[in-house]
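Worksheet: one structure, shown below.
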Amino acid sequence: LCSAESKPPAKFEWFFNNTVKDGTEDTLHVHLKDWEDEGNYTCRATNPVTKHTTSASVYVKLTDESSIQFRMSPAAIAGTTIGSVAVVVLCVIVVYFLCTKASCWKKEQHASNGNIPSAPGHNQATDTKS
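Residue numbering for the sequence shown follows the working numbering, starting at 1 and increasing by one per position.
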C-alpha cells in the first residue's frame, strides 16, 4: 500500500528492481512464488499539477522455501540431458569393449587361418573323405 497526501490526488507508479511494473493504483498485489520475485519494490507518488514526487521502497525477501517452485533454466536442462546421454553411451562402449576382449559373443574359437581347429591326430589338409 502506498499513500500520499495530495490535491489533486496523486498518480502512482510501481517499480520492481528499478523496472516499471503495471499498476497505477495505490496498492500493488504481488504473488511471491519464485526467487525471481525477490527484490526492491518502489512506489512513486506524483502530484499531477505541481509535479512534486515522493517515493517509498521496500525490499522483499522470500524465506519460506516451500513456497518456491524449482525451475531449471533451459541451459541446465540441456546440460543434464547431454550429460545423461553421454553416460549411457560411455557405458555401452565400455561393455562392448569388455565383451570383445572377453569374447562374450564368440561361439567358437577359430585358428588364425580361419579354419575350425582339427581334433587331435587329424589334419584337415591331409585328411580326405572316402
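Ideal Cβ placement from N, Cα and C applies to all residues, glycine included.
Note down the Cα distance separating Asp26 from Glu36, rounded to an integer number of angstroms. C-alpha separation (whole angstroms): 23 Å.
Pairwise C-alpha distance: Thr46 and Phe12: Cα to Cα, Phe12 sits roughly 6 Å from Thr46.
Since Ser55 contacts Tyr41 with CB under 8 Å, what's their CB separation in whole angstroms? Actually they are not in contact, since the Cβ atoms of Ser55 and Tyr41 sit about 11 Å apart, beyond 8 Å.
The ligand SAM heavy atom lying under 7 Å from the CB of Val60: With respect to the ligand SAM, the structure shown offers nothing to examine, as it has no ligands at all.
So the candidates are Thr63, Leu1, Val87, Leu98; which of them puts its Cα closest to the Cα of Cys43? Comparing Cα positions, the closest option is Leu1.
When the Cα of Thr24 is compared with those of Ala10, Thr53, Val92, which residue comes out closest? Comparing Cα-Cα distances from Thr24 to each of Ala10, Thr53, Val92, the minimum goes to Ala10.
Got a sec, what are the start and stop residues for the beta strand (DSSP E) Cys43 sits in? That run of the beta strand (DSSP E) goes 39-46.
Between the alpha carbons of Glu38 and Phe16, how many angstroms are there, rounded? Distance between the alpha carbons of Glu38 and Phe16 is about 9 Å.
According to the Cβ coordinates, are Pro8 and Val60 closer than 8 Å? No, they are not a contact pair.
If you drop the 5 nearest sequence neighbours on each side, which residues of the same chain put their C-beta closer than 7 Å to that of Ala4? Within the same chain, Cβ atoms closer than 7 Å to the Cβ of Ala4 are found at Ala10, Ala45, Thr54, the five residues on either side in sequence being excluded.
Return the first residue and the last residue of the beta strand (DSSP E) that Lys11 is part of. Unbroken beta strand (DSSP E) run through Lys11: 11-16.
How is the beta strand (DSSP E) around Val60 delimited, first residue to last? Start and end: 53-60.
Taking the DSSP output, what are the residues bridged to Thr19? According to DSSP, Thr19 bridges with Phe16.
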